[in-house]
Structure formats: structure tokens, C-alpha cells
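Count the sequence shown with our numbering and you get residues 49 to 312, in order. Don't be surprised by glycine CBs; every beta carbon is placed ideally from N, CA and C.
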Amino acid sequence: MIPYERKSRYTIDDLVEIIALLHSEDGCPWDKEQTHKSIRSELIEETYEVIEVIDQYDPAMLRKELGDLLLQVVFHAQIEQEQQHFTLDDVCTKICEKMIVRHPHVFSTVQADTTEEVLQNWDTIKEETKHQTTRTQTLEAVAKTLPALMRLQKVYKRASKEDLAFLQTDQMLTHIEESVHAIRLALRLDNTEQAEQVLGSILLCCTGIAQQNGMQAEQTLTDAITRFIRCFGAAESLCQKSNQPMQALTENEWNALMEHLDDA
Numbered sequence: 049m050i051p052y053e054r055k056s057r058y059t060i061d062d063l064v065e066i067i068a069l070l071h072s073e074d075g076c077p078w079d080k081e082q083t084h085k086s087i088r089s090e091l092i093e094e095t096y097e098v099i100e101v102i103d104q105y106d107p108a109m110l111r112k113e114l115g116d117l118l119l120q121v122v123f124h125a126q127i128e129q130e131q132q133h134f135t136l137d138d139v140c141t142k143i144c145e146k147m148i149v150r151h152p153h154v155f156s157t158v159q160a161d162t163t164e165e166v167l168q169n170w171d172t173i174k175e176e177t178k179h180q181t182t183r184t185q186t187l188e189a190v191a192k193t194l195p196a197l198m199r200l201q202k203v204y205k206r207a208s209k210e211d212l213a214f215l216q217t218d219q220m221l222t223h224i225e226e227s228v229h230a231i232r233l234a235l236r237l238d239n240t241e242q243a244e245q246v247l248g249s250i251l252l253c254c255t256g257i258a259q260q261n262g263m264q265a266e267q268t269l270t271d272a273i274t275r276f277i278r279c280f281g282a283a284e285s286l287c288q289k290s291n292q293p294m295q296a297l298t299e300n301e302w303n304a305l306m307e308h309l310d311d312a
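Printed below as a string of C-alpha cells:
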């Protein structure tokens with residue numbers, strides 16, 4: 049047993065100390081075995097749980113989930129501290145330095161009176177500090193571990209700074225229309241590889257349209273999934289009441305349910 053003072057309130061320093069004790073020789077057997085890779089999934093899971101609570105906006109739950117996410121940050125820093133690579137203070141130092149450098153309009157003499165000017169300065173400084181000299185390098189720098197739609201939208205956002213004609217909404221809509229015919233043909237010919245390529249192209253265009261028109265592709269799809277599940281539930285309930293299989297539900301009936309849910 050490790051004696052530890054119980055308090056009515058704790059600070060970040062207490063959290064750092066608790067994690068260090070748990071990861072120590074006399075600490076928790078499970079905690080001592082953990083590595084960056086072994087708790088990688090927990091970091092992802094906690095991040096998504098924070099996002100879910102933000103969408104629901106529940107302050108009490110947000111406080112809890114932010115604590116769970118903070119635990120992951122401190123845990124990873126503790127692992128590195130034991131390897132004498134860096135500490136949580138070093139992590140804080142780097143992010144503080146970054147925020148000061150990225151906000152010269154606040155901490156220096158650079159003028160930026162609008163959000164657009166702030167973002168432009170941010171991107172310029174980011175490219176300079178990361179030694180990115182080509183637009184391709186900025187695209188490659190987008191994290192490959194992001195969800196595909198989110199990653200693609202960030203890629204499109206950076207690519208669209210070149211104001212390329214084929215990234216405009218009308219061009220992408222035309223490409224989608226042409227791709228629908230192409231994917232029908234590929235599926236009819238049982239050419240799965242070709243169908244996958246065309247489908248990928250359609251998804252690229254759909255995400256590009258979202259980016260060009262101020263929509264978040266990831267959130268848009270999330271909302272669509274929620275509507276689909278609600279509609280599926282309504283359809284299942286309707287079929288149960290009428291004592292008919294769901295296969296008997298017509299396309300018009302399904303569309304009517306979707307429209308009803310959208311209007312609700």
C-alpha cells in the first residue's frame with residue numbers, strides 16, 4: 049500500500065504524482081506494464097468520448113471526459129520521463145512556445161485584425177517552422193491516422209489554396225455524375241477493383257464539395273448515420289405494427305419516413 053493524502057480538491061501536480069506512483073515499482077501491476085502502443089487505443093477512445101459529450105453538451109460529463117483525456121496525456125509523458133526523454137513540463141513548454149510563435153499578432157508586432165488574417169499567418173508560420181516548401185508537403189503532413197473523411201477534408205483545404213479549377217463545386221458535381229455511370233458499368237461487369245476506384249473518386253468529390261461550401265464532411269456523415277438509424281427504427285416499428293417483413297417496405301415508404309424525420 050502506498051499512503052497518499054486524500055483531498056477535497058486536486059491539481060495537475062497531484063495527477064502527475066499519482067500516475068508516477070501507479071507506474072512505480074510498488075504501484076499497480078497493470079499500469080507498470082503499459083507502453084505508448086498498449087494504451088494507444090485508450091487515447092483514441094477517450095478523445096472520441098470527449099467529442100461525443102461536446103456534441104451533447106453536458107458540462108458535468110465534459111468535466112469527467114476531459115479528465116480521462118488528460119490522464120492519457122499525463123500517462124504518456126510519465127512513460128517518457130522514466131526513459132529520461134522528457135517530462136510533462138517539457139510538453140507544456142513546447143506547446144506554450146508554439147502558441148506564442150503562432151500568435152505574433154498578440155505576442156509581437158504583427159497586425160492581424162480579422163480571423164482570415166489570423167489563419168493566414170498561422171498557416172504561413174506553420175509551414176515555415178515545419179520547413180514545408182511545397183504544397184504537396186503540406187498535404188503529406190496531414191496525419192494519416194485521422195478518420196478518412198476528416199483527413200481528406202484537411203487535405204482539400206490545403207490543396208484549395210492553389211485555387212484549382214478541378215476542385216471547384218461545379219467541376220466535382222460533374223465528375224460525380226459521370227462517375228455514377230462508370231460505377232454502374234463496373235458493377236455490371238463484376239469489376240470490383242474498378243468499382244472501388246470510381247467509388248473512391250466519388251467520395252473524394254463529395255468531401256471536396258463539403259470543403260468548398262463550408263460543411264464538415266465528417267459531421268455531415270455522422271448526422272446522416274444518425275438519421276439512417278432513426279429511420280431504420282421507424283421502419284422496423286412500422287413493419288412490426290403491420291405484421292409485415294421489412295423487405296416489403298417500398299422505396300417510397302422509406303423516403304417518406306426519412307422526410308418525416310427530417311421535418312420533425
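Short of 7 Å from the beta carbon of Thr141, and not among the five residues preceding or following it, lies no beta carbon of its own chain.
Thr217 and Leu247 have their alpha carbons spaced roughly 18 Å apart.
Assigned with DSSP and collapsed to three states, Gln159 falls in coil, not helix or strand.
Excluding sequence positions up to five before and after Gln264, its CB lies within less than 8 Å of the CB of Gln201 and Ala258, all in the same chain and listed in chain order. Between Lys178 and Ala189, the CB-CB gap stays under 9 Å. Distance between Asp238 and Asn300, taken at the CA atoms: about 28 Å. Straight-line spacing of the CA atoms in Ile66 and Ile92 works out to 22 Å.
Counting the other Cβ atoms within 10 Å of the Cβ of Val98 gives 16 or more, which makes it buried. In this structure, Gln131 keeps its C-beta atom at 9 Å or more from the C-beta atom of His71.
When DSSP states are grouped into helix, strand and coil, Thr59 belongs to the coil group.
Boundaries of the alpha helix (DSSP H) around Asp116: Pro107 to Glu130. The three-state reading of DSSP puts Cys76 in coil, since its state is none of H, G, I, E or B.
Counting only the Cα atoms, Leu119 lies some 31 Å from Pro152. For Phe276, the secondary structure class from DSSP, reduced to helix, strand or coil, is helix.
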